[in-house]
Amino acid sequence: MKELAAKYSAKEVEDKWYAYWLKNRFFHSEPNEKQPYTIVIPPPNVTGILHMGHVLNNTLNDVLIRKARMDGKNACWVPGTDHASIATESKVVAKLKDMGIKKEDIGREEFLKHAWDWKEEHGGIILEQLRKLGCSCDWDRTRFTMEPELSDAVINTFVYFYKKGWIYKGVRMVNWDPVAHTAVSDDEVIHKDTKSHFYHLKYYISDGNGNPTDQYLVIATTRPETIMADAAICVNPKDERHFWLKGKKVLIPLINREIPVIEDDYVEMDFGTGCLKVTPAHDMHDYEIGLRHNLPVLEIIDDSGCLNEKAEILIGEDRFVARKKICKMLEEAGNLVKVEEYISPVGYSERTDAVIEPKLSAQWFLKMEKLASMALETVESGRTQFIPEKYMNTYRHWMENARDWCISRQLWWGQRIPAWYLPDGKFVVESTAEAALEAAQAIDPSIKAEDLRQDEDVLDTWFSSWLWPISVFDPQMPGHPDHKPNADLAYYYPTSDLVTGPDIIFFWVARMIMAGEEFMGREPFSHVYFTGIVRDKIGRKMSKTLGNSPNPLDLIENYGADAVRIGMLLCSSAGNDIFYDEAQVKQGAAFCNKIWNSYRLVKGFQVDEELAQAPAAKVAVDWFRAKLSDTVALVEDHYSKFRISDALMTIYKLFWDDYCAWYLEAIKPAFGQPVDKATYDATLYFFEELLKLIHPVMPFITEELWQDIAERREGDTIMYAPTPKAEAFDPEVLKSFELAAEIVNGVRGTRNQKNIAPKQQLSLMIKGAFHSEMIPLVEKMANANVQVVADFGAAQGVGFMVRTLEAFIVLDTLVNVEEELEKSQKELEYQQKFLAGVRAKLSNERFTANAPAAVIENERKKEADSLSKIEILENKINQLKNSK
RNA sequence: GGGCGGUUAGCUCAGUUGGUUCAGAGCAUCUGCCUUACAAGCAGAGGGUCACUGGUUCGAAUCCAGUACCGCCCACCA
0 MKELAAKYSA KEVEDKWYAY WLKNRFFHSE PNEKQPYTIV IPPPNVTGIL HMGHVLNNTL
60 NDVLIRKARM DGKNACWVPG TDHASIATES KVVAKLKDMG IKKEDIGREE FLKHAWDWKE
120 EHGGIILEQL RKLGCSCDWD RTRFTMEPEL SDAVINTFVY FYKKGWIYKG VRMVNWDPVA
180 HTAVSDDEVI HKDTKSHFYH LKYYISDGNG NPTDQYLVIA TTRPETIMAD AAICVNPKDE
240 RHFWLKGKKV LIPLINREIP VIEDDYVEMD FGTGCLKVTP AHDMHDYEIG LRHNLPVLEI
300 IDDSGCLNEK AEILIGEDRF VARKKICKML EEAGNLVKVE EYISPVGYSE RTDAVIEPKL
360 SAQWFLKMEK LASMALETVE SGRTQFIPEK YMNTYRHWME NARDWCISRQ LWWGQRIPAW
420 YLPDGKFVVE STAEAALEAA QAIDPSIKAE DLRQDEDVLD TWFSSWLWPI SVFDPQMPGH
480 PDHKPNADLA YYYPTSDLVT GPDIIFFWVA RMIMAGEEFM GREPFSHVYF TGIVRDKIGR
540 KMSKTLGNSP NPLDLIENYG ADAVRIGMLL CSSAGNDIFY DEAQVKQGAA FCNKIWNSYR
600 LVKGFQVDEE LAQAPAAKVA VDWFRAKLSD TVALVEDHYS KFRISDALMT IYKLFWDDYC
660 AWYLEAIKPA FGQPVDKATY DATLYFFEEL LKLIHPVMPF ITEELWQDIA ERREGDTIMY
720 APTPKAEAFD PEVLKSFELA AEIVNGVRGT RNQKNIAPKQ QLSLMIKGAF HSEMIPLVEK
780 MANANVQVVA DFGAAQGVGF MVRTLEAFIV LDTLVNVEEE LEKSQKELEY QQKFLAGVRA
840 KLSNERFTAN APAAVIENER KKEADSLSKI EILENKINQL KNSK
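One point on numbering: in numbering that gives the first Met the number 0, the residue at position 434 of the first sequence is 433, and numbering is uninterrupted.
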């Protein structure tokens, strides 16, 4: 670096150093004798692009991993992506649709080719973007959940659990997404209060021969289009209003099918009319009632959400269109009593936002009971800790109520379920077609390969990603019968910390813990740091439709990656939502510039080897050495508690306030003058220590300056420089400097008040116990001549108090005595009140009897300090009065 | 409906088992400065009944109870 510009330019610097890091393979990790520190990335969607949530998450990850690396650990951050079956498949379907192709027409294999093309074209962009952010992932270890090895891991896992008896196929009411044409898990359904209508319908009592009598009952429903699937009307057995209905049969309006009236406690007497239409095929609860009462199940809605021929009427109509039409028909038929406005929770698909249709279908399930209780114990025992802890409660609640996991999806993009059906409907589960054939032939020796039909469904994407902390190191999985111990897995597992959003605590975090316990017999990570959700500054979630999400790459382009990282970290405390504001990124950029310019100053110093160290510089060097150690300890404490933004703020203030505003100002030679060698060396040393402290949060600028601050060779990097260590120091050094600084502040405050230019040198007298070695420092920082005196004499000027010291600025200009008097009297009043408070405490017997000795001691000190201040003030007031 | 968390300065948040002069930080605001590294800067200043009500205690932002509001999770009263 030859000449330093007055402004820091991130762009020139960042690409250069990232390329350098890559070239030297600094991010790469192999097992060695050092302590491992491992993070697996929360795999983003393979075709996703970077958004602010990723920026937050990956910045935190990178801070942790860089810190660990500098702490001397063998840091390994494994990157990768997941295949996101629903999201990706729906994108590919949409693309094919634009080309006029339906996926059913081209078939599974052809479709998958398109999907892989899509993945090749759009995949991995996000990983490129993470490089821009400075993420130090071990790219040689990049994984994808659908790469062949990891797919094998998934299939093997399925077979493993099947053979263990924990996977079963069951007919269940599932959440059907009629747009994506797949079942989705309970967790992927979002309930939103939705404005709808409550339709009150007359059902006439049958005369027993399928003809209506003139008696009727009224039911209330939000889904009149499903009445054709009704199997019964249900009332509460205790409901006196409906006793007369016992044993009766009623007729479904419009189609006149006869159904019985049944009784079940499930029906709430005071809700609706107390009569419930039971539609087992299209309602979860009704299905349960149907099971209890042996009711037939009649499905009238098809996979796309349209009525089928079993509905008898409105065949082929979409369920919502049918709802409108049937209302009209019911009204015309005289069955519609009234329609109420009604708000009720409706389930929507997380992926497609389609209204979920409860649907009966055959699905694969994984039993949760054992896995959940193991995973709960992992967290309750503290082997995995949540940060913040509050998520523990949420986690426990879920684990105690976990329902079996529906792991099949009616999609093609994903790992196909390794179940093969025999012609007679029996099936075998094996990891390969060959093994399946063998197993099938054990059942029926006449079976040939072409007789077997593999299950059409694929597995839930989370069924891949729950293996992530294991499979990225050892795709064969320890559950595999031929498993051989793997060096990577043995070394890197369990991973250290996981950084992720609380929204996937059940989808992903809980299930990784389950897999970890099942396959490894221990937790997959020791800490889980939950970030908040990134919102805009008025609290709205960032979303494409609102357009309130900035493009992180634009921000990096404009402000630099270091600034963007700081901007995110400044406003993030664990578990709290992040209110993102570009102003914070600007603050980050300003910090870069501050670091840059302080370096310009330091680098510009002329050194005179012969020169003796200036007294003010010596004091400053001693002080900053202590201050650095003091702060390093504090920063370490913050990191150990995952208070990343506090750690950052502590470093920020150390650099800006302590190093720049105090230290550098104190040692800075006069214009054109050289600095002595001892001070110069100390200054460079401090600067380098500070760079190391800052590096995990701002990797680029720190590398740039670190490379320049001393002679470096190819292959040197700040990335592996050791984290500054806190050293022992004398606390008195800090205290006496702080006292001097307070005096300086007092002078500066007076300057401001009296409008005295900083250039104008002042004459300052100090009365009381003040270290003489601090005098040169005060003289320099306050631009004043300092004398420690026993008496101020008859000098004209302005006084102020610092703790129990009294200071006096001599001024030629006339001083407003009245003003001074008033100021002192106010201060006196405050002190007297304060003293009264302290004395009240001390004279309270119960206080002195109960409070710890240290607290009482402190109160006595307060009393003494206050007394001496009062004395000083009273003297001063007298003097002022006399001088009038 | 059930559970959990929150409410501290204009904004975002600290405040670590009740006790160091405890009411803090950053940003924002205001005042004065182009002082030879930095105006993306320097030096100062103002600003809060710690949501409300009661209780425990010598002592409460901190512990307890209730109230109000906010947020999150779980749960399809059709």
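Note that beta-carbon positions come from the ideal geometry of N, C-alpha and C, so glycine has one too.
1. Using the Cα positions of residue 465 and residue 493, report the straight-line distance between them to the nearest angstrom.
2. With distances taken Cα to Cα, identify the nearest neighbour of residue 263 among 255, 514, 287 and 252.
3. Where does residue 730 land, buried or exposed, given buried means 16+ other C-beta within 10 angstroms?
4. Is the separation between the beta-carbon of residue 370 and that of residue 399 shorter than 9 Å?
5. Between residue 844 and residue 825, what straight-line distance do the alpha-carbon atoms span, to the nearest angstrom?
6. Mapping DSSP to helix, strand and coil, what is residue 526?
7. Under 8 Å Cβ to Cβ from residue 1, same chain only, skipping five residues before and after it: list those, please.
8. Spell out the partners DSSP gives residue 73 in its beta bridges.
9. Rounded to the nearest angstrom, how far is the Cβ of residue 276 from that of residue 226, given a contact under 8 Å?
10. Measure the CB-CB distance between residue 426 and residue 168 and report whether it falls below 9 Å.
11. Taking all protein chains shown into account, do 16 or more other C-beta atoms lie within 10 angstroms of the C-beta of residue 396, making it buried, or fewer, making it exposed?
12. For residue 18, which residues in the same chain have their Cβ closer than 6 Å to its Cβ, ignoring the five residues on either side in sequence?
13. Look at the Cβ atom of residue 886, then the Cβ atom of residue 819, and state whether they are nearer than 9 Å.
14. Within a Cβ cutoff of 8 Å, which residues of the same chain sit near residue 429, ignoring the five residues on either side of it in sequence?
15. So what's residue 516 in DSSP terms, helix, strand or just coil?
16. Tell me the DSSP secondary structure of residue 641 in three-state form.
17. Report the residue from 491, 391, 479 and 408 whose alpha carbon sits nearest the alpha carbon of residue 501.
18. Could you pull out every unbroken beta strand (DSSP E) segment of at least 3 residues lying fully inside the region 400-463, listed in chain order?
19. Restricting to Cα atoms, I'd like to know which of 583, 322, 207 and 555 is closest to residue 568.
20. Where does the unbroken beta strand (DSSP E) through residue 754 begin, and where does it stop?
21. Bridge partners of residue 44, per DSSP?
22. Run through DSSP, which three-state label would residue 0 get?
23. Using only CA atoms, which one of 365, 801, 191 and 658 lies nearest to residue 682?
24. Please go through the same chain and pick out, in chain order, the residues whose beta-carbon is closer than 7 Å to the beta-carbon of residue 311, but skip the five residues on each side of it.
25. Throw me the rounded Cβ distance for the residue 257 and residue 209 pair, which I believe falls under 8 Å.
26. Would you list the residues sitting across from residue 50 in a DSSP beta bridge?
27. Quick one: what's residue 196 bridged to in DSSP?
28. Where residue 849 and residue 486 are concerned, what is the direct C-alpha to C-alpha distance, given to the nearest angstrom?
29. Would the region 556-572 and the region 684-699 be scored as touching if the rule is three or more Cβ pairs under 8 Å?
30. Going by C-alpha distance, which of 89, 384 and 236 is nearest residue 352?
31. Are three or more beta carbon pairs between the region 583-598 and the region 632-641 nearer than 8 Å?
32. For residue 815 and residue 809, what's the separation of their Cα atoms in angstroms?
33. Rounded to whole angstroms, what's the CA-CA distance from residue 667 to residue 605? Just pull it up for me.
34. For the beta strand (DSSP E) containing residue 364, name the first residue and the last one.
From the atom records:
1. By 1-based counting over the first sequence, the position of residue 465 is 466. By 1-based counting over the first sequence, the position of residue 493 is 494. Computed Cα separation, rounded: 14 Å.
2. Here residue 263 refers to the residue found at position 264 when the first sequence is read from its first residue. Checking every option, the nearest Cα to that of residue 263 belongs to 287.
3. If you number the first sequence from 1, residue 730 lands on position 731. Exposed, because fewer than 16 other Cβ atoms sit within 10 Å of the Cβ of residue 730.
4. Looking up residue 370 in the first sequence gives position 371. Looking up residue 399 in the first sequence gives position 400. Contact flag unset, no.
5. What you label residue 844 is simply residue 845 of the first sequence in a count that begins at 1. What you label residue 825 is simply residue 826 of the first sequence in a count that begins at 1. Residue 844 and residue 825: Cα-Cα distance of roughly 31 Å.
6. As a first step, residue 526 must be located in the first sequence, where it is residue number 527. It is a strand residue.
7. For this step, residue 1 is matched to residue 2 along the first sequence. Low confidence applies here, because residue 1 scores a pLDDT of 47, under 50, leaving its location unreliable and the question unanswered by this model.
8. By one-based count along the first sequence, residue 73 stands at place 74. Residue 73 pairs with 35.
9. Within the first sequence, numbered from 1, the residue matching residue 276 stands at position 277. Within the first sequence, numbered from 1, the residue matching residue 226 stands at position 227. Right, the Cβ-Cβ distance comes to about 6 Å (below 8 Å), so this counts as a contact.
10. Here the question's residue 426 lines up with position 427 in the first sequence. Here the question's residue 168 lines up with position 169 in the first sequence. Yes, they are a contact pair.
11. As a first step, residue 396 must be located in the first sequence, where it is residue number 397. Residue 396 should be labelled exposed.
12. Within the first sequence, numbered from 1, the residue matching residue 18 stands at position 19. None.
13. No statement about residue 886 is possible, as the shown extent of the chain runs from 0 to 883 and does not include it.
14. In the first sequence, the residue the question calls residue 429 occupies position 430. By the criterion of a C-beta distance shorter than 8 Å, residue 429 is surrounded in its chain by 158, 417, 419, 435, 437 and 438, once the five residues flanking it on both sides are discounted.
15. Sequence index remark: in the first sequence, residue 516 carries index 517 (1-based). Three-state result, residue 516: helix.
16. Here residue 641 refers to the residue found at position 642 of the first sequence. It is coil, neither helix nor strand.
17. Here residue 501 refers to the residue found at position 502 when the first sequence is read from its first residue. Of the listed residues, the one whose Cα sits closest to residue 501 is 391.
18. 418-420 and 426-428
19. Taking the first sequence and counting its residues from 1, the one referred to as residue 568 is at position 569. Here the closest residue by C-alpha is 583.
20. Locating residue 754 in the first sequence gives position 755, counting from the first residue. For residue 754, there is no enclosing beta strand (DSSP E), as DSSP gives it neither H nor E.
21. Walking along the first sequence from the start, residue 44 turns up at place 45. 81.
22. Counting from one through the first sequence, the residue named residue 0 turns up at place 1. Note that residue 0 scores 44 on pLDDT, short of 50, meaning its location in the model is unreliable; the coordinates nonetheless yield the value given after this. Residue 0 falls in the coil class under three-state DSSP.
23. Working through the first sequence from its first residue, we reach residue 682 at position 683. With distances taken between Cα atoms, residue 682 lies closest to 658.
24. For the purposes of this step, residue 311 is taken as the residue at position 312 of the first sequence. Excluding positions up to five away in sequence, the list reads 227 and 254.
25. Residue 257 sits at position 258 when you count from the first residue of the first sequence. Residue 209 sits at position 210 when you count from the first residue of the first sequence. Confirmed, Cβ separation roughly 5 Å.
26. Sequence index remark: in the first sequence, residue 50 carries index 51 (1-based). Note: residue 50 sits in no beta bridge, so no partner.
27. Counting from one through the first sequence, the residue named residue 196 turns up at place 197. 340, per the DSSP bridge assignment.
28. As a first step, residue 849 must be located in the first sequence, where it is residue number 850. As a first step, residue 486 must be located in the first sequence, where it is residue number 487. So the alpha carbons of these two residues sit roughly 60 Å apart.
29. yes
30. As a working note, residue 352 is residue 353 in the first sequence. Considering only alpha carbons, the answer is 89.
31. no
32. Position 816 of the first sequence holds residue 815. Position 810 of the first sequence holds residue 809. Cα-Cα distance, rounded: 13 Å.
33. The residue you call residue 667 lines up with position 668 of the first sequence. The residue you call residue 605 lines up with position 606 of the first sequence. Here the alpha carbons of residue 605 and residue 667 stand approximately 11 Å from one another.
34. Residue numbering aside, residue 364 sits at position 365 when the first sequence is read from its first letter. Its beta strand (DSSP E) spans residues 356-365.
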